[in-house]
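Comments concern the structure below.
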Amino acid sequence: MHTHTHTHTHRQRRGGRGYGHSPVSQFAAGLAMAANLLMAFWITASFSLYFSLQGVNGWHDLDNTEFDCWPLNSPNDYNMISCGGLEMAWVHRPPEKVTNGEEFNVTYTVTASDSFYEYAVRNKIFQFSAASEAKRFCHEHECPSNWNNANEMNCCVYHANIHSCPLGLMKQGGICGPWIPDDGKIVTHTVSKAGKMAQKFWTSKVVLIHVGVTSIIAHIKIGRMHAALESKVLVVSAQVCGDDVCELEENCLTCPADCGICPMSITIKIAIGLPVALFSSGFILTMVWLQYQKQKMFWDESWIISYKNIIFGRECWMGMGSTISQQCAKSQSTISRTTDVTVCTGLSNSFKPGFIQPGIYDGRTVAVKHIQKKHFTLSKIIRKEVKEVRQLDHPNLCKFIGGSIEVPYVCIITEYCPKGSLSDVLLNDDVPINWGFRLSFATDVARGMSYLHQHRTFHGRLHTRNCIIDDRWVCKISDFGLIAYRKEDFEAFNGGFNCVDINRIYCAPEVLLGSGSSMTPAADIYSYSMILVEIATRSDLISEQAEGVKMDIMWRPPLPEVKAGKADTDCPSEVHYCELIKKCWSHNVTMRPTFEQVKKMLDKMNPHKVSPVDMMMNLMEKYSKHLEAIVAERTQDLLQEKQKTDRLLYSMLPKPVADDLRQGRTTEAQSFSNATVYFSDIVGFTQLSGASTPHQVVDFLNQLYTTFDDIIDNYDVYKVETIGDAYMVVSGVPQENGINHAGEIASMALDLVSVCHNFKIPHKPNTQLKIRAGIHSGPVVAGVVGTKMPRYCLFGDTVNTASRMESTSEALKIQVSGATADLLHTLRGYVLTCRGTLNVKGKGDMTTWWLEAKRDNHTDPLLRSSESGGVPVPVSN
Numbered sequence: 001m002h003t004h005t006h007t008h009t010h011r012q013r014r015g016g017r018g019y020g021h022s023p024v025s026q027f028a029a030g031l032a033m034a035a036n037l038l039m040a041f042w043i044t045a046s047f048s049l050y051f052s053l054q055g056v057n058g059w060h061d062l063d064n065t066e067f068d069c070w071p072l073n074s075p076n077d078y079n080m081i082s083c084g085g086l087e088m089a090w091v092h093r094p095p096e097k098v099t100n101g102e103e104f105n106v107t108y109t110v111t112a113s114d115s116f117y118e119y120a121v122r123n124k125i126f127q128f129s130a131a132s133e134a135k136r137f138c139h140e141h142e143c144p145s146n147w148n149n150a151n152e153m154n155c156c157v158y159h160a161n162i163h164s165c166p167l168g169l170m171k172q173g174g175i176c177g178p179w180i181p182d183d184g185k186i187v188t189h190t191v192s193k194a195g196k197m198a199q200k201f202w203t204s205k206v207v208l209i210h211v212g213v214t215s216i217i218a219h220i221k222i223g224r225m226h227a228a229l230e231s232k233v234l235v236v237s238a239q240v241c242g243d244d245v246c247e248l249e250e251n252c253l254t255c256p257a258d259c260g261i262c263p264m265s266i267t268i269k270i271a272i273g274l275p276v277a278l279f280s281s282g283f284i285l286t287m288v289w290l291q292y293q294k295q296k297m298f299w300d301e302s303w304i305i306s307y308k309n310i311i312f313g314r315e316c317w318m319g320m321g322s323t324i325s326q327q328c329a330k331s332q333s334t335i336s337r338t339t340d341v342t343v344c345t346g347l348s349n350s351f352k353p354g355f356i357q358p359g360i361y362d363g364r365t366v367a368v369k370h371i372q373k374k375h376f377t378l379s380k381i382i383r384k385e386v387k388e389v390r391q392l393d394h395p396n397l398c399k400f401i402g403g404s405i406e407v408p409y410v411c412i413i414t415e416y417c418p419k420g421s422l423s424d425v426l427l428n429d430d431v432p433i434n435w436g437f438r439l440s441f442a443t444d445v446a447r448g449m450s451y452l453h454q455h456r457t458f459h460g461r462l463h464t465r466n467c468i469i470d471d472r473w474v475c476k477i478s479d480f481g482l483i484a485y486r487k488e489d490f491e492a493f494n495g496g497f498n499c500v501d502i503n504r505i506y507c508a509p510e511v512l513l514g515s516g517s518s519m520t521p522a523a524d525i526y527s528y529s530m531i532l533v534e535i536a537t538r539s540d541l542i543s544e545q546a547e548g549v550k551m552d553i554m555w556r557p558p559l560p561e562v563k564a565g566k567a568d569t570d571c572p573s574e575v576h577y578c579e580l581i582k583k584c585w586s587h588n589v590t591m592r593p594t595f596e597q598v599k600k601m602l603d604k605m606n607p608h609k610v611s612p613v614d615m616m617m618n619l620m621e622k623y624s625k626h627l628e629a630i631v632a633e634r635t636q637d638l639l640q641e642k643q644k645t646d647r648l649l650y651s652m653l654p655k656p657v658a659d660d661l662r663q664g665r666t667t668e669a670q671s672f673s674n675a676t677v678y679f680s681d682i683v684g685f686t687q688l689s690g691a692s693t694p695h696q697v698v699d700f701l702n703q704l705y706t707t708f709d710d711i712i713d714n715y716d717v718y719k720v721e722t723i724g725d726a727y728m729v730v731s732g733v734p735q736e737n738g739i740n741h742a743g744e745i746a747s748m749a750l751d752l753v754s755v756c757h758n759f760k761i762p763h764k765p766n767t768q769l770k771i772r773a774g775i776h777s778g779p780v781v782a783g784v785v786g787t788k789m790p791r792y793c794l795f796g797d798t799v800n801t802a803s804r805m806e807s808t809s810e811a812l813k814i815q816v817s818g819a820t821a822d823l824l825h826t827l828r829g830y831v832l833t834c835r836g837t838l839n840v841k842g843k844g845d846m847t848t849w850w851l852e853a854k855r856d857n858h859t860d861p862l863l864r865s866s867e868s869g870g871v872p873v874p875v876s877n
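Using full-length UniProt numbering, the first residue of the sequence shown is number 1, and each one after it goes up by one.
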């Protein structure tokens with residue numbers, strides 16, 4: 001690339017620095033530099049905005065595009081022509097801002113549509129007569145390798161380069177185009193290139209020298225036409241700041257290292273000093289306010305509660321854990337252990353130190369712990385302790401509410417947790433606690449203790465009896481702090497319960513040896529190891545070891561066996577759990593972990609990290625699903641039993657009647673104008689019964705009537721009753737069916753007689769079963785008789801006549817009355833034979849008929865034959 005420059009650069013040295021650098025002015029110098037840089041930024045931004053909106057007009061502003069075209073012979077701003085489908089666009093646009101002398105690349109595209117070649121041929125831009133020839137020339141014809149030899153006759157794009165036009169050299173608001181104007185200078189003119197239209201991308205390397213806004217022009221010649229693409233670049237000076245020479249282009253704003261620091265104006269001084277003063281004043285006021293709040297809380301006595309404002313619901317003192325159990329045992333009191341608290345009955349009304357009684361204060365349930373004191377002085381030490389405890393706030397700490405300082409009613413009032421102590425919950429076998437709950441309890445204790453240690457508060461007597469469970473199964477630590485407040489409580493606790501051996505279980509060896517204090521993080525960690533043992537074993541270390549046993553100072557309980565319960569998926573590794581216990585009770589104090597480290601170890605053992613509430617909800621959901629399954633199973637059984645009951649009931653009573661009785665509605669007797677009644681009995685049943693045992697008779701009748709019942713299910717009939725060998729059926733009752741009742745009973749009777757030919761008596765298979773049947777039609781009255789064992793009965797002369805038809809019938813024959821025969825004649829399809837005239841008791845002489853069979857062809861006339869002659873006789877209506 002060749003670059004032609006037409007500018008001159010002058011450097012003039014200034015004699016010395018503008019300002020001194022005394023220590024007093026160093027601070028002001030820094031502030032001045034910041035202000036000067038801010039001012040320079042605004043000047044530069046304003047400069048850029050000015051030229052972007054109002055600057056020297058560019059040639060492309062004439063039609064609001066970045067590229068335009070001119071004829072080859074007269075390229076000026078008044079002779080622009082249409083590009084006719086030729087387009088130019090930046091691919092890598094020139095940067096918005098560069099340093100003079102800095103090298104950068106620009107890339108642009110030149111494309112032509114088919115319409116351009118038609119336009120070019122039409123306007124004589126190419127010396128071709130057809131657009132296709134012009135297009136082939138631009139896309140396929142190779143240009144000379146030396147661009148100096150390229151022209152419009154042998155190359156499509158025979159000139160392509162980059163021009164730069166510093167707008168600061170323009171004498172007037174002219175237009176900087178692809179030519180060298182009279183009032184401007186072309187500073188940069190890159191090496192020209194030539195090529196085919198298919199080349200598409202054109203890249204040039206550009207260096208700008210003149211400071212200010214410069215117009216970058218991508219200029220091409222194609223045929224007899226110029227085309228140019230324009231963009232603007234801000235060129236800034238590349239002077240070296242820090243060479244101890246203040247150049248002409250440098251000043252105290254742009255280069256304070258060479259030209260010195262500019263003096264600070266009064267405006268800048270105010271702008272800097274006012275915020276600093278306000279910040280300093282605010283900081284001082286904040287510190288004063290915080291100190292005031294501390295002193296206010298120190299002297300605040302709102303935590304002091306009058307004992308008479310506490311309402312107690314029970315006369316018995318309530319306690320936490322096995323401490324109460326032991327004291328109750330010594331006083332021969334009755335112990336009642338629940339999941340909430342341990343209730344000790346039979347104690348005197350005198351205050352029992354260490355005992356907690358629930359009460360109501362200000363409308364909320366609280367835990368009241370009485371302290372045995374002969375006198376009480378609200379000293380500064382106690383005030384400080386109370387202030388520190390009141391400032392502690394954590395989900396795993398039992399909240400301090402207040403206290404009474406009235407002797408002998410000195411007490412501490414804290415948040416009430418209804419589930420009792422951790423010891424109570426662990427020792428209660430009725431409370432199902434899986435390893436998810438246990439690890440949650442262990443983590444809750446570790447979190448609460450970690451919070452206490454972070455606030456430089458140490459427990460000193462941590463054990464499962466002062467770790468209590470709230471109604472959301474969150475474990476909280478109580479009895480922390482307030483050492484001076486409860487000082488005599490410590491003494492009474494040790495003396496009243498003789499807990500020297502008890503405390504040794506949780507007390508670190510260095511404390512028992514007198515070489516360390518119990519109020520240290522290491523001592524609390526040792527006590528925590530015993531809690532881990534109790535959580536794993538669900539046993540009380542005190543009850544097992546403290547009853548008269550003098551333990552060695554180095555005594556420790558055996559490591560627990562970590563066992564998973566049924567369907568317990570959260571059981572930790574026994575190795576990891578026991579390793580944590582061993583680290584916590586290490587005799588080397590420095591080897592014991594912190595509670596933060598314990599939390600991380602427990603988190604690894606319990607990856608699920610399910611909250612106790614969620615676990616309880618899961619248990620309740622499992623129980624609910626189990627109960628739902630049981631209820632569904634019982635419901636299904638109930639439905640099956642109901643179906644059996646319904647079948648039994650519907651076999652005893654008609655369904656409409658049974659439904660009315662079941663719904664409590666009374667049923668009245670109903671009259672039916674026409675119905676058909678069927679009676680049958682077993683011929684020779686008395687002799688058969690006499691030759692059989694009762695069981696054989698019952699089995700025989702059961703099998704026979706079961707067969708009969710299966711048959712009558714195919715017909716619109718209702719079985720009224722079975723008495724002994726008698727079988728009674730009716731049709732047309734309780735649902736009327738016109739005259740079809742006669743046909744239903746007749747067809748049923750034929751089937752019953754037919755089945756008797758093949759029926760085998762179980763205990764007499766060689767004996768032929770014979771029944772005789774009788775049918776009569778007429779009006780009946782039906783109704784329910786009785787309430788204890790209700791029966792659906794039929795009444796009327798029709799029933800008596802049907803019974804007479806049966807009693808006068810013969811074996812394996814069906815005798816019907818004249819009324820029934822007339823109905824069957826109307827229905828057609830039945831074969832009847834006249835038996836003759838019989839004298840029926842209570843009815844006199846009656847003509848009866850034998851029902852022989854049922855015809856397949858119902859169109860045949862129904863005939864009756866006389867018994868004597870056998871001649872068919874037409875039926876008279």
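Glycine residues also receive a C-beta, built at the ideal position from the N, C-alpha and C atoms.
Please classify residue i: does DSSP put it in a helix, a strand, or coil?
i	result
ARG828	coil
ASP68	strand
HIS741	helix
GLY690	helix
HIS139	helix
GLN663	coil
PHE41	Because the pLDDT at PHE41 is just 44, under 50, the model does not fix this residue reliably, and the value given afterwards should be weighed accordingly. Three-state result, PHE41: helix.
GLN372	coil
ARG835	strand
LYS193	strand
THR99	strand
ILE553	coil
For residue i, count neighbouring Cβ atoms within 10 angstroms of its own Cβ and tell me buried if that reaches 16, exposed if not.
i	result
GLY778	buried
ILE447	Before going further, note that residue 447 is Arg rather than Ile in the sequence given. Per the 10 Å Cβ criterion, buried.
PRO762	exposed
PHE283	exposed
SER423	buried
LEU653	buried
For the alpha helix (DSSP H) that contains residue i, what are its first and last residues?
i	result
PRO509	509 to 512
LYS583	574 to 584
LEU701	694 to 712
residue 879	The chain is shown only over 1 to 877; residue 879 falls outside these bounds and no answer can be derived.
SER440	435 to 454
PHE722	Note that residue 722 corresponds to Thr in the displayed sequence, not to Phe. Segment 718 to 723 is the beta strand (DSSP E) holding THR722; no alpha helix (DSSP H) there.
MET225	Premise fails: MET225 lies in the beta strand (DSSP E), 225 to 236, not in any alpha helix (DSSP H).
Starting from the Cα of residue i, find the closest Cα among the options and give me that residue.
i	options	result
ILE216	MET449, ARG93, ILE382, PHE708	ARG93
ILE222	ARG835, ARG647, TYR577, ALA150	ALA150
MET88	LYS97, MET80, ALA112	ALA112
LYS124	ILE209, SER192, ARG224	ARG224
LYS193	CYS155, GLY436, GLU230, ASP660	CYS155
Tell me the residue span of the beta strand (DSSP E) that contains residue i.
i	result
PRO358	356 to 361
LYS854	844 to 854
SER671	670 to 682
GLU87	86 to 92
PHE201	201 to 207
Would the C-beta of residue i count as close to the ligand ATP, meaning under 6 Å from any of its heavy atoms?
i	result
SER204	For the structure depicted, the ligand ATP is absent and the ligand set is empty, with no information on it obtainable.
ask   = Taking one C-beta from the region 696 to 716 and one from the region 818 to 835 each time, how about it: are there three or more such pairs within less than 8 Å?
value = No: the two stretches stay apart, fewer than three of their Cβ pairs being nearer than 8 Å.
message = Between the region 160 to 169 and the region 202 to 220, can you find at least three pairs of beta-carbon atoms closer than 8 Å?
response = Short answer: they touch.
ask   = Taking contact to mean at least 3 C-beta pairs separated by less than 8 Å, is the region 462 to 470 in contact with the region 377 to 392?
value = With the cut-off at 8 Å, the region 462 to 470 and the region 377 to 392 do not touch.
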